[in-house]
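Undergrad:
Residue numbers (my numbering), protein chains in the order written: chain A, 1 to 178; chain B, 179 to 830.
(1) Label residue 322(B) either buried or exposed according to how many other C-beta atoms from any shown protein chain fall within 10 Å of its C-beta, with 16 as the threshold for buried.
(2) So is residue 275(B) in contact with chain A if we call contact Cβ pairs under 9 Å?
(3) For residue 185(A), which residues from the same chain have a beta carbon less than 6 Å from its beta carbon, with the 5 sequence-adjacent residues on both sides left out?
(4) Pull up the DSSP beta-bridge partners for residue 675(B), would you.
(5) Note down, in chain order, all residues in the region 292-322 of chain B with a beta-carbon under 9 Å from any beta-carbon belonging to chain A.
(6) Which stretch, first to last residue, makes up the alpha helix (DSSP H) that contains residue 152(A)?
(7) Give the single residue among 399(B), 422(B), 661(B), 455(B) whose Cα lies nearest to the Cα of residue 448(B).
(8) Pick out whichever of 739(B), 543(B), 274(B) has its Cα sitting closest to the Cα of residue 328(B).
(9) Would you mind reading off the limits of the alpha helix (DSSP H) that contains residue 773(B)?
(10) Quick one: list the residues of chain A neighbouring residue 284(B), beta-carbon separation under 8 Å, in chain order.
(11) Do you know offhand how far residue 337(B)'s Cα is from residue 575(B)'s?
(12) Residue 427(B) by DSSP, collapsed to three states: which one?
(13) Taking residue 661(B) as the reference, which of 650(B), 689(B), 631(B), 622(B) has the closest Cα?
(14) Nearest CA to the CA of residue 215(A): which residue from 356(B), 340(B), 295(B)?
(15) Within 10 angstroms of its Cβ, does residue 816(B) collect 16 or more other Cβ (buried), or is it exposed?
(16) Flag this pair as touching only if the region 129-148 of chain A and the region 50-70 of chain A have three or more C-beta atom pairs under 8 Å; answer yes or no.
(17) What residues from chain B crowd round residue 97(A), counting only those whose CB sits closer than 9 Å?
(18) Tell me, please, whether the CB atom of residue 391(B) is closer than 9 Å to any CB atom in chain A?
(19) What residue range does the alpha helix (DSSP H) around residue 335(B) cover?
(20) Can you pull the chain B residues whose beta carbon is under 7 Å from the beta carbon of residue 186(A), in chain order?
(21) Sort out for me which residues DSSP pairs residue 415(B) with in a bridge.
(22) Should residue 717(B) be labelled buried (16 or more other beta-carbon atoms within 10 Å of its own) or exposed?
(23) List the endpoints of the continuous alpha helix (DSSP H) containing residue 231(B).
(24) Can you check whether the C-beta of residue 271(B) is within less than 9 Å of a C-beta belonging to chain A?
(25) Looking at chain B, is there any beta carbon in it that lies within less than 9 Å of the beta carbon of residue 62(A)?
(26) Tell whether a beta-carbon distance below 9 Å holds between residue 379(B) and residue 331(B).
(27) Who pairs with residue 892(B) in a beta bridge, going by DSSP?
(28) Check the DSSP bridge columns for residue 348(B) and list the partner residues they point to.
(29) Please list the partners that residue 362(B) has in chain A, where partner means a Cβ-to-Cβ separation under 8 Å.
(30) Would you kindly work out how many angstroms separate the C-alpha atoms of residue 596(B) and residue 480(B), rounded to a whole number?
(31) Counting along the chain, where does the beta strand (DSSP E) carrying residue 492(B) start and finish?
(32) What residues in its chain sit with their C-beta under 6 Å from that of residue 820(B), if we drop five residues either side in the sequence?
(33) Please report how far the alpha carbon of residue 518(B) lies from the alpha carbon of residue 788(B), in whole angstroms.
(34) Using a Cβ-Cβ distance cut-off of 9 Å, determine whether residue 190(B) contacts chain A.
(35) Are the C-beta atoms of residue 377(B) and some chain A residue less than 9 Å apart?
(36) In chain order, what residues of the same chain have a beta carbon less than 6 Å from the beta carbon of residue 251(B), not counting five sequence neighbours either side?
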């Protein structure tokens, strides 16, 4: 049987969800026999090819992230949101109660340690979106594994269910939002 | 009440007429998810989690607000209903900024556990991301409006349980928010800091600053005990993690003496005073240095046993067990100068009662719960919102829920003043005149039969010239008449008096108050506010039977030696220390360093009430027991043990 192709991306988040994924311990050996990672933050492959499962960690807060998630959606059959940022907005969404301009000013000009700061504006630096969005407000998402970070058990459950051909819904006892 | 039968999920369930569908479900063990429902509070159907289907109703109805009727058919667990509930949850999560990763309540949040239960792994709606403020202006509490689900539990607790009604919904529609007073910061509002809102809050919207990062309630062990700080004697649940108090909750806020106050809920958590952990005695240079129990007790036995005229003073903060051991020690010393720190209050009250009916029993005083059922309440020189906040809450509750008429006699404004039907403001020191005039006003309005029945008490006020009194006092005659009318018509009145009366040490004034109480209703209901948690316990042990104040005698140099049992009392220490100047040898048993311990020749450490087992007698004579919430420093012996040891060594 051919290996299932998987692509994971790391958008606006701390990478904790990918770390938690590594915490699934020996399951990773079984998993490696079943799946093939076509793209991930660890492999540093830039482009996409068509995969069965796309996994997104992080929320969508700038133009580049929006592009990446749209492209991933285009190339995958099933998209899984991994972690609170992708599912709900998470810590990154803290800025959502403020205007984008205020956020930039706070970050680049008003910090106490900044001298003559200015807001970076150059080609190649992606523009911030007006708000930080959870994945499902940008593209269609098929399943979710929330948590900050998600429990390794929950990640394992999600992947096992997907490999068995079912859409996972994390059971209450291993679901966490923190 | 007649019994009704309804069908819930195909099962025949019995309930009472007047029950809601939710009440019938809970009584029959049928689980219905709720967020805004809180046991003992009125239901307002704010959260819509308890939606159920009722046959012949067009749409799902909230079970908490839907009256159960005989024969209706209810479904609580259909797929459709569960879908609606998940929808409600998603709406709640998208309405405000509910981000568990940085919420203090995560792990103990009812909203969060509800989302887990419904496996809510995403929200299908646009997030509102409102820019809500976090109000941390209050010394103990924080309101984080980002986490609020507008369930109104805090508001109903503030109104129905605490009686303060500081919190309410402000603004309308989309902008609705929990507001203090007229949308003031909580710290600047009339909040009485009882913390009831914090206990009732299902999310992290209201939390306690000190408890926030000490640990989650789910990680704590819970110890049931009694608060012994004031004489109300509220039941408490101490939540402890790593032998440290995380928070103090009420086991059931809706029960009498379950509501707690600022003092009971927060004071034991802020233990910043300088603790005494070993016995101390003076060295050759006159400095206080640590020593062993044996050395300290030896010094006491040598000096105190030898000096004639030993005085004994005890604080009403000590437990009955400690006070008993103290009394025994004083007996062994043959001391005639034994008193409590609030002995004057005891003498004033008991002499007042003796003047009134010839007996000197505190038993004639009313139960605190009588306030809740009273139809009129007179507050004379008492400040329960400060000294005994739970009594203050009882008064405010009676005034708002039972429409009890409140009459305040005090020259100073206090939180009751603006709630009062009548506020009589006599000049300082003229309380007795105004009480006499009020008595006369009541007599004037009593029915002929009542006057005849209460002849003895009527006589006491007969000769008062009410008009002259009102003029002298500068009190409006209308107020005087109105107060008289209210009390004459009252069937069930409670009179509360406290430090504002007792400070004059005037038993006649107390007797006048009792006479006034006897005029009103079927029997006199009177409550005197005693200063310490175990004042009454100490008085009942006869520790205050001295005829004069021993503390005052000390200052006059009437005693050579002194044994002062302070326990964890820190009140009036400077005045006491000044009084100790004339004493040659003094022993102080206390938990904290204070001016008194600095004056002492030997200091013995004392446990806190949160660390020890003991009995305390409430203001109205109910004996309650404390259980150690945290383990004490093993180097400190319990008070009673220390006192017994001292007594034993004296013998030799």
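Note that CB positions come from ideal geometry on N, CA and C, so glycine has one too. Since the structure is predicted, the reported quantities are computational estimates derived from the model, not experimental observations.
TA: Let me lay it out:
(1) Start at 1 with the first residue of the second chain, and residue 322(B) comes out as number 144. When all chains shown are included, residue 322(B) counts as buried.
(2) Start at 1 with the first residue of the second chain, and residue 275(B) comes out as number 97. Taking Cβ atoms only, chain A reaches closer than 9 Å to residue 275(B), which makes this a yes.
(3) In the structure as shown, chain A begins at 1 and stops at 178. Residue 185(A) is therefore absent and cannot be evaluated.
(4) Here residue 675(B) corresponds to residue number 497 of the second chain, with the count starting at 1. Bridge partners of residue 675(B): 558(B), 706(B).
(5) 293, 294, 295, 296, 297, 298, 299, 300, 301, 302, 304, 305, 307, 308, 309, 310
(6) As a working mapping, residue 152(A) is identified with position 152 in the first chain. Taken as a continuous stretch (DSSP letters only), the alpha helix (DSSP H) holding residue 152(A) covers 152-163.
(7) Walking along the second chain from the start, residue 448(B) turns up at place 270. Here the closest residue by C-alpha is 422(B).
(8) Numbered from 1 along the second chain, position 150 holds the residue referred to as residue 328(B). Answer by Cα proximity: 274(B).
(9) Taking the first residue of the second chain as position 1, residue 773(B) is located at position 595. Per DSSP, residue 773(B) belongs to the alpha helix (DSSP H) from 773-777.
(10) Here residue 284(B) corresponds to residue number 106 of the second chain, with the count starting at 1. In chain order: 177, 178.
(11) Residue numbering aside, residue 337(B) sits at position 159 when the second chain is read from its first letter. Residue numbering aside, residue 575(B) sits at position 397 when the second chain is read from its first letter. Each residue's Cα considered, the two are about 8 Å apart.
(12) The residue given as residue 427(B) occupies position 249 in the second chain. In the structure shown, residue 427(B) sits in a strand (DSSP, three-state: E or B).
(13) Working through the second chain from its first residue, we reach residue 661(B) at position 483. Taking only the C-alpha atoms, the option nearest residue 661(B) is 622(B).
(14) Past the boundaries of the shown model lies residue 215(A); chain A is included only from 1 to 178, so the question cannot be answered.
(15) In the second chain, the residue the question calls residue 816(B) occupies position 638. Buried, because 16 or more other Cβ atoms sit within 10 Å of the Cβ of residue 816(B).
(16) yes
(17) Locating residue 97(A) in the first chain gives position 97, counting from the first residue. Simply 275, 307, 308, 309, 310, 324.
(18) Residue mapping note: residue 391(B) aligns to position 213 of the second chain, counting from 1. No, no contact with chain A.
(19) Here residue 335(B) is taken as the residue at index 157 of the second chain, counted from 1. Run containing residue 335(B): none; DSSP gives neither H nor E here.
(20) Because residue 186(A) is not part of the residues shown, which for chain A are 1 to 178, the question remains open.
(21) Within the second chain, the letter at position 237 stands for residue 415(B). Looking at the DSSP assignment, residue 415(B) forms a beta bridge with 402(B), 427(B).
(22) Within the second chain, the letter at position 539 stands for residue 717(B). Classification for residue 717(B): buried.
(23) Sequence index remark: in the second chain, residue 231(B) carries index 53 (1-based). Residue 231(B) -> not in any alpha helix (DSSP H); beta strand (DSSP E) instead, spanning 229-232.
(24) The count along the second chain starts at 1 and reaches residue 271(B) at position 93. Closer than 9 Å to some Cβ of chain A, the Cβ of residue 271(B) qualifies, so yes.
(25) For the purposes of this step, residue 62(A) is identified with residue 62 of the first chain, where counting begins at 1. So, not an interface residue.
(26) Position 201 of the second chain, counted from the start, is the residue given in the question as residue 379(B). Position 153 of the second chain, counted from the start, is the residue given in the question as residue 331(B). A contact, by the Cβ cut-off of 9 Å.
(27) Since the displayed chain B opens at 179 and closes at 830, residue 892(B) lies outside it and no answer follows.
(28) Counting from 1 along the second chain, the entry for residue 348(B) is found at position 170. 355(B).
(29) By one-based count along the second chain, residue 362(B) stands at place 184. In chain order: nothing, as chain A lies at least about 22 Å away.
(30) If you number the second chain from 1, residue 596(B) lands on position 418. If you number the second chain from 1, residue 480(B) lands on position 302. Those two C-alpha atoms are separated by around 59 Å.
(31) Taking the first residue of the second chain as 1, we reach residue 492(B) at position 314. 488-492 is the span of the beta strand (DSSP E), which, as asked, contains residue 492(B).
(32) By one-based count along the second chain, residue 820(B) stands at place 642. 782.
(33) Residue numbering aside, residue 518(B) sits at position 340 when the second chain is read from its first letter. Residue numbering aside, residue 788(B) sits at position 610 when the second chain is read from its first letter. Roughly 22 Å between the two C-alpha positions.
(34) As a first step, residue 190(B) is located in the second chain; it is residue number 12 there, counting from the start. By this cut-off, residue 190(B) is not an interface position.
(35) As a working mapping, residue 377(B) is identified with position 199 in the second chain. Not closer than 9 Å to any Cβ of chain A, the Cβ of residue 377(B) fails to qualify, so no.
(36) What you label residue 251(B) is simply residue 73 of the second chain in a count that begins at 1. Around residue 251(B): 185, 233.
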